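With the sequence shown counted from 1, adding 135 to any position gets you our numbering. Cβ atoms here follow ideal geometry from the backbone N, Cα and C, with glycine treated the same way. Since we're looking at a predicted model, the values are computed, not measured.
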Amino acid sequence: MSTKIYQKDCGNNFFLPKYTHQFRPCGFRTAPNGHVLDTKDIILTSGCSHALEMCINGVADPGDNILIPQPGFSVYITLCESLHIEPRYYKLKPEQNWELDLDDLETAINSKTKAVLVNNPSNPCGAVYSAEHLKQIIDICEKHRLIIIADEIYADMVFPGNEFHFMGVLSQKVPILSCGGLAKRYICPGWRIGWIAMHDRMNILKESIQPGLLDLSSRILGPNSVMQAALPKIVANTPQKYFDNIISQIQNNAEISYKVLSTAPGLKPIMPQGAMYML
């Protein structure tokens, strides 16, 4: 991927091109049609929650609404309400491994809806969505001309036998604001380094939302510069065995929890496919 340097307000010149091909969590990759992210398509943030806040603030005005999953990460509500943006809910279907209820999603859309927030892998459900299901969501957003905010912080926390798909790679026309960070992959939430990767093949965001997000990034004058400086070596030198051990431990914990909870009267847990959670 071409990510030579970051603009001043959205990151420093620490993350060199030779490292970007190794930085899988960002989704810095070429899509099947050859689409390549540019430097202006990437914004470094102070963690993934900051990335989500910027996206919500950048796509909607007070009085507008954003569609969020139910059940979902509680911070989505906090971020929306703090900006006087209405959080509207779409249901997830436990009987279908917590996939989106597509009919309910479409019913929730109205004239004030500006974006759909999709969390995959899911907090708190532990679901990992198939490419087919993600394309169905993208089709609905294309029909209603909505942006997708993709919370993909758990992109690399997927159990063996399951496969994660970046929405930005799957979408041809719908703009995808992909949010991620290092906290979950490295199990170091205090590092506070996240990002927004703007996948926008049709240049829909170019006029106002993209420059607006760059302006919003300047409010904190860039994220943790010490971590930015360390980032290339962290990405390049962390052995794969470290990540494999993390996934193995989390999956083992999930299997034990599932086995125990399945015997409890009244509880019907669903075995997660990734992330750190189970419902």
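- Contact annotation: I178 and S352 have beta-carbon atoms nearer than 8 angstroms.
- Setting aside the 5 residues that flank it on each side, M337 is surrounded in the same chain by K308, each with a C-beta closer than 6 angstroms to its C-beta; the list follows chain order.
- Within a 10 Å sphere around the beta-carbon of L356 sit fewer than 16 other beta-carbons, which makes this residue exposed.
- Across the structure, Q384 and Q363 are spaced so that their CA atoms are roughly 28 angstroms apart.
- Note that the segment 173-191 touches the segment 341-351; at least 3 beta-carbon pairs, one per stretch, sit closer than 8 angstroms.
- A Cβ-Cβ separation of about 6 angstroms places C190 in contact with I331 under the 8 angstroms criterion.
- Judged by their CB atoms, Q408 and V263 are nearer to each other than the 8 angstroms cut-off.
- In this structure, the CA atom of G315 is about 21 angstroms from the CA atom of M413.
- Residue K228 holds the alpha-carbon nearest to the alpha-carbon of S257 among V171, K228 and K249.
- DSSP places D176 in no alpha helix (DSSP H); its state is neither H nor E.
- For secondary structure counted as the alpha helix (DSSP H) over 4 or more consecutive residues, the segment 228-259 holds these complete runs in sequence order: 237-243.
- Annotation for D379: the continuous alpha helix (DSSP H) segment containing it runs Q375 to L396.
- The Cβ atoms of A285 and V253 lie closer than 8 angstroms to each other.
- R320 is not a Cβ neighbour of P358, given a cutoff of 8 angstroms.
- For H268, there is no enclosing beta strand (DSSP E); the enclosing alpha helix (DSSP H) covers residues A266 to H279.
- The Cβ atoms of G329 and H185 lie closer than 8 angstroms to each other.
- Distance between S397 and K226, taken at the CA atoms: about 24 angstroms.
- Between R280 and K394, the alpha-carbon positions lie close to 43 angstroms from each other.
- Less than 8 angstroms divides the Cβ of I275 from the Cβ of L237.
- Taking C-beta atoms as the reference points, P222 and E230 fail to come closer than 8 angstroms.
- G315 sits in a strand when the DSSP states are folded into three classes.
- Boundaries of the beta strand (DSSP E) harbouring A285: I282 to D286, taken from the DSSP string.
- The beta carbon of Q205 is closer than 8 angstroms to those of Y224, Y225, K226 and L227 in its chain, skipping five residues each way along the sequence.
- For R320, the three-state secondary structure derived from DSSP is helix.
- DSSP places L202 inside the beta strand (DSSP E), whose first and last residues are N200 to Q205.
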